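J.: Numbering (the working numbering), first residue to last: 441 to 1362.
This is the structure I want to talk about, given as structure tokens.
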């Protein structure tokens, strides 16, 4: 017996507590301790010891998982001379523990694969595995597991192998691949066919090599390996799990054949194989085996996606045989919509590829298939016949219908939207006896998805459709009425060109508004109508205002009311005579402000504050959409309304200042008010607003106050109250960001603070750069370059770019700013640090999609002073760690990167080179 170290005993005790101690506090404590233990450097030795102990499954699994985690994330802790013994030890554990538990074996196989990928001295690991375990049948299960996870781990982003090492590995995997094919062929031939578990493992292993893209396609085709998964797929009496792994294997092979010409034998084999599965599909339908239908549908769809270019470029010919589309339509005809939905992505891609082709030819060839597709989608959109309500917007079926509507809009141009609309209506009107309500509703639903694209000149069918809808009897099924109202809204553009329908339509929608289930959809339809027919609607303005006043009693949803207010009331309002506009705005605002005032009075009396967001949102909507300017020197029509509502808004803020969600809506409301009235309220309102928000920020530092501040700077530029505002914001912000993890805990504050700084730089650069808070803000931005939050990082990078692009224009000079020397000083002091910190951020901290922002920052420096950039850049590259991990650039690659970036002629070129260089570190 081996002696057990204290560390190992502690782990055994903690694992025991984690799984078997009934006390939740002890469990929690054990879990925390084990997490910390895994991060310690002692974990290597202890895990190895526990694997030798093979005490019980739980502690042994924990040890295996620790080993895998350490190799994945902390491989640098191990000196190179220990790698070989770790490899031997792990391979030994895999053998010794093979019968303990499959998930344990998987962890050990992952550990040894991650080791192999990070150990350049270990060449061709797949061959090592096959030579060591290939002879003995008892080791087959873990050999297959090793050969399955190794190719999967090559693209594991956590490994940070770097592009150099990764391409070296892929070359080795390509060299090992023929041997893997031969091995699998031997096993599959021998005895696997009778052993389901083994067969499943073989399929998974083959799929894994296909996905890596290293299998020699035509060699696989000749090896007849794929005959076995196809024979499984033809026999629907097979177990679900085996059937699914056969399907995965065939789909992986199809995925790997994107390059059809390079893999012609394999593609031909897969094409014939997939086409031979039609009978199996009919058989699965007859047995009501939906899972197998789903799997076959995946095969057919993957085939169609692989052959997409063939189908488009040589339809009906060879691999472009349109029978492939028949197979997909077979799946679209399945009674379960989950099966049909698998094909959607293919139809999208097909329509995308055909979008720019010759319309007539496309319609002749593909039109009939799209018509069949749309008819099958109408069937899938039918509600349950015994349903007596409107469809709930939040359930899965409703989501599915939205995806159908999107798909139909994408593919309909292949048959023509107007023609399709007419065809759908003829399906409804020609059936006798008349269609049942569920068929009618589904057809109207598909019609409404394309109604916007129907030609406004269409004069025979649309009038019949509208006539039928506008005269629907009130006892019609509520869902049919709901979809009809939606369809009317979608036909707004047509109605605008046929104004004789307008009055009748308005009556219809006003009636619908009074029915609780239809109120919201009717408000939205009215909104569309107002947007399109705003001239004609101006005469109906009083009626719209009336509707606005009663919308809350009519049970219109908050969103639909906003829509009606936005488009309906405000768009139409612009078409009123000038003197009426001001009255209308004041009236609309006071409707909301009265309610807010009442809420404050109530809360003073009861101590309970009601949520004011609905009314704040409505005010925001009014100011956001009112878009009117003051005519020749007259007072701005919004000025009075804003000044009147301010005292109430200030009291609202006082009540809700601790609730971030509501404060955000409050700021949004003020922001749109400021944007709409602009300079007309500068003298009366700017001080009041800036003092209120900085004062509140001291106790309740919501980042939206900073955002609102940036809007004030954008609108009013140089103003002493704004310079004071920056100082008042800076102090509490630094206090927050300087705490432990302050930057990462408050991404919104970082985002909004640097947006505010950018606005100052745009509007009054010298004022900003000589502001007492500026040096601390620049230092904070340098740290912020490594921020992983998308918006926060973008905001920091844009701010630093603005510093680099900063110039004193004539307007700034006129306003008494003499600051060119200040700018040069700042750039001289911070340029080198900006380049170094942003390079480090790209290599070690931020995700790939943020690189273009850094490239634009570098480009701004290059444009300002290429020579200085070159020097700063060279010293940043020299300071990179050289022996950090495998993932490191060679000295030649580093010099080449420097040369390419410093001679770049536009920022995109900088971006490409930066991305390629960073790949060497990931």
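The C-beta atom is built at its ideal place from N, Cα and C for all residues, glycine as well.
Since this is a predicted model, take the numbers as computed values, not measurements.
Who are the Cβ neighbours of residue 1254 in its own chain at under 8 angstroms, not counting the five residues just before and after it?
T.: On the chain shown, residue 1254 is found 814 positions in, with the first residue counted as 1. Per-residue confidence for residue 1254 stands at a pLDDT of 49, beneath the threshold of 50, marking its modelled position as unreliable; no derived number is given.
J.: Report the rounded CA-to-CA distance for residue 1201 versus residue 1274, giving the unit in angstroms.
T.: Stepping through the chain shown from its first residue, residue 1201 is reached at position 761. Stepping through the chain shown from its first residue, residue 1274 is reached at position 834. Taking the straight line from one Cα to the other gives about 17 angstroms.
J.: Which first and last residues belong to the alpha helix (DSSP H) in which residue 874 is found?
T.: The residue given as residue 874 occupies position 434 in the chain shown. Unbroken run through residue 874: none, as it is neither H nor E.
J.: Quick one: residues in its chain with C-beta nearer than 6 angstroms to the C-beta of residue 455, no 5 flanking neighbours on either side, listed in chain order?
T.: Counted from its first residue, the chain shown places residue 455 at position 15. The residues 498, 499 and 502, in chain order, have a CB closer than 6 angstroms to that of residue 455 in the same chain once the five nearest residues on each side in sequence are set aside.
J.: Per DSSP, what kind of secondary structure is residue 974 in: helix, strand or coil?
T.: Indexing the chain shown from 1 puts residue 974 at position 534. Helix, per DSSP.
J.: So, under 8 angstroms CB-CB, residue 1126 and residue 1110 are touching, yes? Tell me the CB distance rounded to an integer number of Å.
T.: The residue given as residue 1126 occupies position 686 in the chain shown. The residue given as residue 1110 occupies position 670 in the chain shown. With 8 angstroms as the limit, residue 1126 and residue 1110 do not qualify as a contact, their Cβ atoms being about 12 angstroms apart.
J.: Check whether the segment 1287 to 1299 touches the segment 1344 to 1357, taking contact to mean three or more Cβ pairs, one atom from each stretch, closer than 8 angstroms.
T.: yes
J.: By the three-class DSSP mapping on this structure, what secondary structure does residue 594 have?
T.: Taking the first residue of the chain shown as position 1, residue 594 is located at position 154. It is coil, neither helix nor strand.
J.: When the Cβ atoms of the segment 843 to 851 are set against those of the segment 869 to 884, are three or more pairs found closer than 8 angstroms?
T.: A contact between stretches requires three or more CB pairs, one per stretch, nearer than 8 angstroms, and the segment 843 to 851 fails this requirement with the segment 869 to 884.
J.: Out of 1188, 1243 and 1197, state which residue places its alpha-carbon closest to the alpha-carbon of residue 1227.
T.: Indexing the chain shown from 1 puts residue 1227 at position 787. Per the Cα distances, 1188.
J.: Cβ of residue 522 within 7 angstroms of any heavy atom in the ligand SAM?
T.: With respect to small molecules bound, the structure shown includes none, and the ligand SAM cannot be examined in it.
J.: So what does DSSP say about residue 1317, is it helix, strand or coil?
T.: Numbered from its first residue, the chain shown carries residue 1317 at position 877. It is helical.
J.: Quick check: residue 882 and residue 822, are their CB atoms within less than 8 angstroms of each other?
T.: As a working note, residue 882 is residue 442 in the chain shown. As a working note, residue 822 is residue 382 in the chain shown. Yes, the pair counts as a contact, with Cβ atoms nearer than the cut-off.
J.: Is it the case that the segment 596 to 608 contacts the segment 557 to 569, given that we only count it when at least three CB pairs across the two stretches are under 8 angstroms?
T.: yes
J.: Sorted by chain position, which residues of the same chain lie with C-beta nearer than 6 angstroms to residue 1316's C-beta, five sequence neighbours on each side aside?
T.: Your numbering for residue 1316 matches position 876 in the chain shown. Closer than 6 angstroms at Cβ, skipping near neighbours: 1275, 1276 and 1279.
J.: Are residue 952 and residue 925 touching if we call contact CB-CB under 8 angstroms?
T.: Counted from its first residue, the chain shown places residue 952 at position 512. Counted from its first residue, the chain shown places residue 925 at position 485. In this structure, residue 925 lies closer than 8 angstroms to residue 952 by Cβ.
J.: List the whole-angstrom C-beta distance separating residue 550 from residue 544, where the pair is believed to meet the contact cut-off of C-beta under 8 angstroms.
T.: As a working note, residue 550 is residue 110 in the chain shown. As a working note, residue 544 is residue 104 in the chain shown. Not a contact, Cβ separation roughly 11 angstroms.
J.: For residue 1322, which option in 1311, 1334, 760 and 1313 has the closest C-alpha, if you only look at C-alpha atoms?
T.: Walking along the chain shown from the start, residue 1322 turns up at place 882. Here the closest residue by C-alpha is 1334.
J.: Any idea if residue 1257 is buried or exposed, counting beta-carbon neighbours within 10 angstroms, 16 or more meaning buried?
T.: Taking the chain shown and counting its residues from 1, the one referred to as residue 1257 is at position 817. Note that residue 1257 scores 49 on pLDDT, short of 50, meaning its location in the model is unreliable; the coordinates nonetheless yield the value given after this. It is buried - the Cβ of residue 1257 has at least 16 other Cβ atoms within 10 Å.
J.: Specify, as a first and last residue, the run of the alpha helix (DSSP H) that residue 1053 falls within.
T.: As a working note, residue 1053 is residue 613 in the chain shown. Unbroken alpha helix (DSSP H) run through residue 1053: 1053 to 1065.
J.: Pick out whichever of 1163, 664 and 1168 has its Cα sitting closest to the Cα of residue 1133.
T.: One-based indexing of the chain shown puts residue 1133 at position 693. Selected option, being the one with the closest Cα: 1168.
J.: Got a sec, what are the start and stop residues for the alpha helix (DSSP H) residue 1093 sits in?
T.: Residue mapping note: residue 1093 aligns to position 653 of the chain shown, counting from 1. Its alpha helix (DSSP H) spans residues 1079 to 1096.
J.: Does the structure place the segment 745 to 760 close enough to the segment 768 to 778 that three or more beta carbon pairs sit under 8 angstroms?
T.: no
J.: Are the CB atoms of residue 1262 and residue 1209 nearer to each other than 8 angstroms?
T.: In the chain shown, the residue the question calls residue 1262 occupies position 822. In the chain shown, the residue the question calls residue 1209 occupies position 769. Contact flag set, yes.
J.: So, residue 1012 versus residue 970, is the Cβ gap smaller than 8 angstroms?
T.: Indexing the chain shown from 1 puts residue 1012 at position 572. Indexing the chain shown from 1 puts residue 970 at position 530. Remark: C-beta atoms of residue 1012 and residue 970 approach each other more closely than 8 angstroms.
J.: So is residue 1351 buried or exposed if we call it buried at 16+ other beta carbons inside 10 Å?
T.: Position 911 of the chain shown, counted from the start, is the residue given in the question as residue 1351. So residue 1351 ends up on the buried side.
J.: At which residues does the alpha helix (DSSP H) containing residue 683 begin and terminate?
T.: Within the chain shown, the letter at position 243 stands for residue 683. Start and end: 680 to 695.
J.: Using the C-alpha atoms, what's the distance from residue 569 back to residue 588?
T.: To locate residue 588, count along the chain shown from 1; it is residue 148. To locate residue 569, count along the chain shown from 1; it is residue 129. Distance between the alpha carbons of residue 588 and residue 569: 11 angstroms.
J.: Can you name, in chain order, every residue of its own chain whose Cβ lies under 6 angstroms from the Cβ of residue 565, other than the five neighbours on each side?
T.: Taking the chain shown and counting its residues from 1, the one referred to as residue 565 is at position 125. The beta carbon of residue 565 sits closer than 6 angstroms to the beta carbons of 556 from its chain, once the five residues preceding and following it are set aside; these are given in chain order.
J.: Could you tell me whether the Cβ atoms of residue 445 and residue 486 are closer together than 8 angstroms?
T.: Stepping through the chain shown from its first residue, residue 445 is reached at position 5. Stepping through the chain shown from its first residue, residue 486 is reached at position 46. Yes, Cβ-Cβ distance for residue 445 and residue 486 is below 8 angstroms.
J.: Taking 8 angstroms as the limit between beta carbons, can you name the residues of its chain near residue 1360, skipping five residues before and five after?
T.: As a working mapping, residue 1360 is identified with position 920 in the chain shown. Excluding positions up to five away in sequence, the list reads 602, 603, 604, 1327, 1328, 1329 and 1333.
J.: Looking only at C-alpha atoms, which of 1116, 615 and 909 sits nearest to residue 1070?
T.: Reading the chain shown from its first residue, position 630 is the one you call residue 1070. Taking only the C-alpha atoms, the option nearest residue 1070 is 1116.
J.: Please classify residue 676: does DSSP put it in a helix, a strand, or coil?
T.: Within the chain shown, residue 676 is the residue found at index 236, counting from 1. It is coil, neither helix nor strand.
J.: Taking only the alpha-carbon atoms, compute the straight-line gap between residue 546 and residue 1243 and give it to the nearest angstrom.
T.: Start at 1 with the first residue of the chain shown, and residue 546 comes out as number 106. Start at 1 with the first residue of the chain shown, and residue 1243 comes out as number 803. Near 52 angstroms, if we compare the C-alpha coordinates of residue 1243 and residue 546.
J.: Any chance you could list the alpha helix (DSSP H) runs of at least 4 consecutive residues sitting entirely within the segment 1133 to 1213, in chain order?
T.: 1143 to 1156, 1160 to 1177, 1182 to 1185, 1187 to 1203 and 1205 to 1209
J.: Please classify residue 1082: is it buried, with 16 or more other beta-carbons within 10 angstroms of its beta-carbon, or exposed?
T.: In the chain shown, counting from the first residue as 1, residue 1082 sits at position 642. Buried is the call here.
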